[in-house]
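Start counting the sequence shown at 0; every next residue gets the next number (numbering that gives the first Met the number 0). Here is the structure we will look at.
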Amino acid sequence: MNNKQLNYINNILIPCILLSCVTGIFTGIVIFLFEISADWVINLSAEIYSAVRLNPQYLPLLLGGALVLGFISAYTVKLLGIAKGGGIPTAVALVRGLIEFRWLRSLFATFTSALVTFFAGIPLGNEGPSVQMGTAIGRGTVKLFSSKKTAWDRYIMTGGAAAGFAAATSAPLTGIFFVLEEAHRRLSPMLFISAASAVISSATTLEILHSEFHPAHSLLPFDITVKLDIKYLYMVLVVGLLCGVTAIIFTKAHEFIGNLLNNKLSKLSIFIKIPAVFVLTALIGFFASEILGTGRSLISEMIYGNGAWYMLLIYLSVRAILLMVANNLGVTGGLFVPSLTFGSIIGSLCARIFIQLGILPEEYAPILVIVGITAFLSAFSRIPITAVVFAIEAMNGLVNILPIALGATLSYAVIEIAGIHSFNDLVIDTKVKAQNEGKTAHLVDTSFVIKPKAFVIGKEIRDILWPPTCVITSVRKNSHSDTHSPFLEEGDILHLHYRTTTPEYTFQKLENLIGKQEEDLKTFEKAVSEYHQVPEN
Numbered sequence: 000m001n002n003k004q005l006n007y008i009n010n011i012l013i014p015c016i017l018l019s020c021v022t023g024i025f026t027g028i029v030i031f032l033f034e035i036s037a038d039w040v041i042n043l044s045a046e047i048y049s050a051v052r053l054n055p056q057y058l059p060l061l062l063g064g065a066l067v068l069g070f071i072s073a074y075t076v077k078l079l080g081i082a083k084g085g086g087i088p089t090a091v092a093l094v095r096g097l098i099e100f101r102w103l104r105s106l107f108a109t110f111t112s113a114l115v116t117f118f119a120g121i122p123l124g125n126e127g128p129s130v131q132m133g134t135a136i137g138r139g140t141v142k143l144f145s146s147k148k149t150a151w152d153r154y155i156m157t158g159g160a161a162a163g164f165a166a167a168t169s170a171p172l173t174g175i176f177f178v179l180e181e182a183h184r185r186l187s188p189m190l191f192i193s194a195a196s197a198v199i200s201s202a203t204t205l206e207i208l209h210s211e212f213h214p215a216h217s218l219l220p221f222d223i224t225v226k227l228d229i230k231y232l233y234m235v236l237v238v239g240l241l242c243g244v245t246a247i248i249f250t251k252a253h254e255f256i257g258n259l260l261n262n263k264l265s266k267l268s269i270f271i272k273i274p275a276v277f278v279l280t281a282l283i284g285f286f287a288s289e290i291l292g293t294g295r296s297l298i299s300e301m302i303y304g305n306g307a308w309y310m311l312l313i314y315l316s317v318r319a320i321l322l323m324v325a326n327n328l329g330v331t332g333g334l335f336v337p338s339l340t341f342g343s344i345i346g347s348l349c350a351r352i353f354i355q356l357g358i359l360p361e362e363y364a365p366i367l368v369i370v371g372i373t374a375f376l377s378a379f380s381r382i383p384i385t386a387v388v389f390a391i392e393a394m395n396g397l398v399n400i401l402p403i404a405l406g407a408t409l410s411y412a413v414i415e416i417a418g419i420h421s422f423n424d425l426v427i428d429t430k431v432k433a434q435n436e437g438k439t440a441h442l443v444d445t446s447f448v449i450k451p452k453a454f455v456i457g458k459e460i461r462d463i464l465w466p467p468t469c470v471i472t473s474v475r476k477n478s479h480s481d482t483h484s485p486f487l488e489e490g491d492i493l494h495l496h497y498r499t500t501t502p503e504y505t506f507q508k509l510e511n512l513i514g515k516q517e518e519d520l521k522t523f524e525k526a527v528s529e530y531h532q533v534p535e536n
């Protein structure tokens, strides 16, 4: 076996297939347990709200219980900050290498804290925690089975994130597209193989577990077979436009509430703010518990046209405010399903207006709801391809691919023209700034020689998950290499430029990819000292 074949086995087959499959299996098991626990907690919560509504004298007990849950959530956020807020932005920041964490602590904290959120009825979803737990399991797989191969870390974590997303949404293909379009924003064969291997093994594990122990339930249990007549296609433009505008309003409102809570009300302890949100949620649930929860049942109501139009506006407003406040305070839970809920309400409102005007047959109303779901997701997270794939996979959208794609494209164009960043990116920026607060940023310009048996050998630059902000400015091929070959080889010299607040740590990450460098510290210290150091904002 030659060096090329050995390198292929060691640095592609083992991490991207074997260990990604192991990650997928463990993720499937954990998400299965999480699903069962979450279902039990959510059903118990609904029973308690129903019982208290029938027996109002128990309202003080309900509020007291909510207060206790709020303190538990606040304590978790304070002690285990990795469980803070939406799981998807945290997972994306981890696989991009922007923040660090302890995988076992993250797994435990996210699992338990999310259950507290669901028990209280906070309108956050389970897909975010699932993605974060899958990412943690990916890191744990590397630590347990190949602790010295740190170059594999982010590839296997990517597989874990994809597996967690696919397991939570029952949409395997969407899970793969999610990590390519949202997490890394690139199409790389290695990332695709890692994600696909983890997703397939996770889906298979879940299928076996569900068939043996607990029946599976679909994220969106409906099947639309009616095809929208092309003469009603202009209505899709209205839905797409409204979803894009609403996504802009939601993002701006989230920033405003974040500034209010974290700046103007910064002196208030989270042991006051978070319990207050839990008590407020309990009060709302006492009068209208259907507003609370992850939003799955609400989406089904929109599909089947239940509820008065003015109630939909109330649902939309109350859920949006609760969600934005809870997320800004760091309450554990996902935003994926809640964002689908907002889209479904917008689509349903448009459909009802068109029906009342007598210009749309009722049979087409569910299609506009699906368009609303897809369009809002496309604009809110800026993932139009993933949104369309999700609609096709989870909602039988292939029948109406034209209106779905049109709605997603228009809503995305609206938020693109407005210059609004992805909601997840805004949250990630906040996390990164908090981590780097007070640290000094270094601009580094240096060169590396690719060493024998290095991870990067035989790969293109695009396939390597370099440290954040790292740019390869030039590659000088060794004397025995094909100068036109896109693949990196032993002896090639890479010229790199990057910005970092942890120079030694970043340098170590680069050596894990390229190989141990001779006189590395002297060269590195010289490279750092040649650049101006500025405080990280």
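For glycine and all other residues, C-beta sits at the position ideal for the given N, C-alpha and C.
By the neighbour-count criterion, in which a residue is buried when 16 or more other Cβ atoms sit within 10 angstroms of its Cβ, residue 76 is buried.
Residue 146 and residue 179 have their alpha carbons spaced roughly 25 Å apart. By DSSP's assignment, residue 471 forms a beta bridge with 495.
Per DSSP, residue 445 is not a residue of any alpha helix (DSSP H); the beta strand (DSSP E) it occupies stretches across 439-448.
Residue 303 sits exposed, since fewer than 16 C-beta atoms from the chains shown fall within 10 Å of its C-beta. An exposed status is given to residue 252, since fewer than 16 other beta-carbon atoms sit within 10 Å of its beta-carbon. Nearest to residue 374 by C-alpha distance, out of 45, 245, 133, is 245. Judged by DSSP secondary structure, residue 67 falls within the alpha helix (DSSP H) whose first and last residues are 58-78. In the assembly as shown, residue 184 is an exposed residue. Its beta-carbon has fewer than 16 other beta-carbons within 10 Å. In this structure, 428 is the residue among 343, 428, 492, 482 with its C-alpha nearest to the C-alpha of residue 467. Comparing C-alpha distances from residue 233 to each of 403, 8, 27 shows the shortest one belongs to 403.
Here residue 333 carries a strand assignment [DSSP, helix/strand/coil].
In this structure, residue 347 sits near residue 311, with a CB-CB distance shorter than 9 Å. At a Cβ-Cβ threshold of 9 Å, residue 240 and residue 409 count as neighbours.
Each of 256, 395, 425, 321 was checked against the Cα of residue 217, and the nearest Cα belongs to 395. Sequence-distant Cβ neighbours of residue 25 in its own chain, meaning closer than 8 Å and more than five residues away, are 136, 139, 140. Secondary structure at residue 255: helix, using DSSP grouped into helix, strand and coil. Residue 430 is a Cβ neighbour of residue 98, given a cutoff of 9 Å. In this structure, residue 496 lies away from residue 474, with their beta-carbon atoms at least 9 Å apart. Excluding the 5 residues flanking it on each side, residue 514 has same chain C-beta neighbours closer than 6 Å at 450, 453, in chain order.
Taking a 10 Å sphere around the C-beta of residue 441, we find 16 or more other C-beta atoms and assign the residue as buried. If you ignore the 5 residues before and after residue 484, its C-beta comes within less than 8 Å of the C-beta of 476, all in its own chain and listed in chain order. Per the Cβ contact rule, the stretch 374-385 is in contact with the stretch 410-421 (3 or more Cβ pairs under 8 Å). DSSP places residue 176 within a helical segment (H, G or I) once states are collapsed to three. Rounded to whole angstroms, the Cβ separation of residue 457 and residue 7 is 7 Å, and the two are in contact under 8 Å. Residue pairing by DSSP places residue 486 opposite 459 in a beta bridge. Taking C-beta atoms under 8 Å as the contact rule, residue 86 and residue 23 fail to qualify, at a distance of about 18 Å.
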